[in-house]
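Just so you know, the sequence shown maps onto residues 0 to 299 in numbering that gives the first Met the number 0.
Written out below as structure tokens is the structure these notes cover.
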Amino acid sequence: MASHVNSISNWKAPFGTPTILCPPQADGETKFDLYELKNLLPNIIRIYKQGAEMKKTLLLVFILHFSQIYISYSQDENRQIIVGNFSTQNINSITPINWQAMKFDNIDSETAYFLARDNNQTIFKAVSNAAASGYIRKISIDPEKYPILIWKWKIDNLIKKSNINTKEGDDYPARIYVTFEYDTERLSGWESFKVGFYKAIYGEYPPLAVLNYVWANKKPVGYTTPNAYTNRVQMLVAQSGQAQVGQWVKQQTNIYDDYKRVFGEVPMKITAVAIMTDTDNTMESATAYYGDIYFSQAKD
């Protein structure tokens with residue numbers, strides 16, 4: 000049975016909700032509890048009651064807060080770094096190797112993830128019914144050396160109420176997160192103070208820069224906007240609309256250029272990749288299929 004670890008409840012900060020996570024358990028899952036931080040710098044930290052609406056912000060904190068060290072990765076003649084080699088997994092395995100589940104105690108229903116066969120290949124399937132959870136792989140990669148993110152995905156349906164510009168519509172049939180280290184010297188004085196305070200408590204810096212590639216329902220491919228919860232996360236529409244629903248789609252994007260375009264600066268090292276299919280805000284249903292995910296020195 001997975002043990003629970005306490006964390007701090009919401010304090011209003013541009014990088015989201017500070018959270019401490021327990022190490023991955025034997026069953027491959029990681030869970031957390033929240034508690035209110037009381038009687039500590041009350042004029043600096045404003046405590047809010049934790050609600051389901053914060054789960055996207057919490058996910059961003061999940062991504063950089065596993066106590067496990069960076070996992071080694073496989074390389075293909077030094078030209079590629081394989082992050083999610085789902086096609087080589089044993090279909091009877093509970094979870095893909097080197098990936099951990101991300102679950103939210105304040106969300107009643109979880110998206111179901113499992114290895115399955117589709118198009119004669121092993122893939123990672125997600126089924127979400129008014130639910131939310133994800134999977135993460137923590138890894139260290141130089142985005143200047145390996146700037147091309149390549150993956151395949153398929154969805155069975157769009158989410159009708161999905162809206163990239165609102166919290167209420169922040170659900171997607173498929174999404175991929177890429178998170179980065181951040182130079183704290185780039186922060187303003189107030190932001191630097193909050194980050195320093197966070198590090199003093201947790202011993203590490205919070206997530207400060209995230210690219211989130213999504214399959215949208217209406218916005219055109221290439222559309223970008225800050226996340227509805229925080230501008231430290233930039234949303235990028237990688238696929239959109241009904242045209243390719245039910246088909247496998249191969250995606251390629253230059254994350255190094257994407258980062259410079261949306262954040263206006265050069266990225267530091269990649270720290271993690273995560274996937275999520277979520278429908279808890281819109282109370283709809285979605286099914287997605289994730290193929291292999293890897294970084295490359297050049298496009299295929």
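All C-beta atoms in this analysis are idealised placements derived from N, C-alpha and C, irrespective of residue type, glycine included.
Excluding the 5 residues preceding and the 5 following residue i in the sequence, name in chain order all residues of the same chain whose CB lies nearer than 7 Å to its CB.
i	result
VAL265	LYS259
ASN253	PRO146 and ILE147
ALA297	ILE147
SER295	ARG78, GLN79, TYR145, ILE147 and ILE149
GLN241	LEU157
According to DSSP, residue i sits in a beta bridge with which residue or residues?
i	result
LEU157	Beta-bridge pairing links LEU157 to no other residue.
GLN251	ILE149
TYR112	ALA125
ILE135	GLN99 and ALA273
MET234	ASN211 and THR224
ILE140	ILE269
ASP107	In the DSSP output, where bridge partners are listed per residue, ASP107 has none listed.
GLN120	ASP117
Using C-beta distances below 6 Å, list every residue in its chain close to residue i, excluding the 5 sequence neighbours before and after it, in chain order.
i	result
ASP170	ILE158, SER161, ASP277, THR278, ASN280 and THR281
GLN88	PRO95, LEU114 and THR121
LYS151	TRP247, LYS249 and GLY290
GLU167	ASN280
LYS153	TRP247 and TYR288
Note the first and the last residue of the continuous beta strand (DSSP E) segment covering residue i.
i	result
CYS277	For the sequence presented, residue 277 should be read as Asp rather than Cys. It spans 269 to 277 - the beta strand (DSSP E) in which ASP277 sits, taken as one unbroken run.
VAL82	79 to 83
TYR171	171 to 179
THR286	284 to 295
Measuring alpha carbon to alpha carbon, tell me which residue in the options is nearest residue i.
i	options	result
PRO95	ILE274, GLU143 and ALA215	ILE274
SER239	THR223, ALA227 and ARG231	THR223
THR110	VAL213, TYR134, ILE93 and ASN119	TYR134
ARG116	GLY290, ASP299, LYS268 and VAL232	GLY290
ALA130	PHE294, ASP299, THR286 and ILE292	THR286
VAL82	ILE90, MET101, SER127 and ILE175	ILE175
LYS268	TYR112, PHE179, LYS102 and ASN119	PHE179
ARG136	LYS151, PRO142, GLY168 and ASN84	ASN84
ALA208	ARG231, LYS217 and ASN216	ARG231
PHE123	ASP141, SER139, PHE262 and ILE93	ILE93
VAL261	GLU167, PRO225 and ASP141	PRO225
Please classify residue i as buried or exposed, where buried requires at least 16 neighbouring CB atoms within 10 angstroms.
i	result
GLN49	Its pLDDT being 42, under 50, GLN49 is placed unreliably by the model, and nothing is read from it.
TRP98	buried
PRO219	exposed
GLN79	buried
ASP257	buried
TYR293	buried
ASN91	exposed
GLN246	exposed
ASN119	exposed
Excluding sequence positions up to five away, which residues of its chain have a Cβ less than 8 Å from the Cβ of residue i?
i	result
THR165	ALA227
SER132	ALA100, MET101, LYS102, PHE103, ILE106, GLU109, THR110, TYR112, MET275 and ASP277
ASP155	PRO172, VAL244, GLY245, ALA285, THR286 and ALA287
ILE163	ASP169, VAL213, ALA215, LYS218, TYR222, THR224, ALA227, MET234 and VAL236
Below 6 Å, is the gap between the Cβ of residue i and the nearest heavy atom of the ligand SAM?
i	result
ILE292	For the ligand SAM, the structure offers nothing, since it holds no ligand at all.
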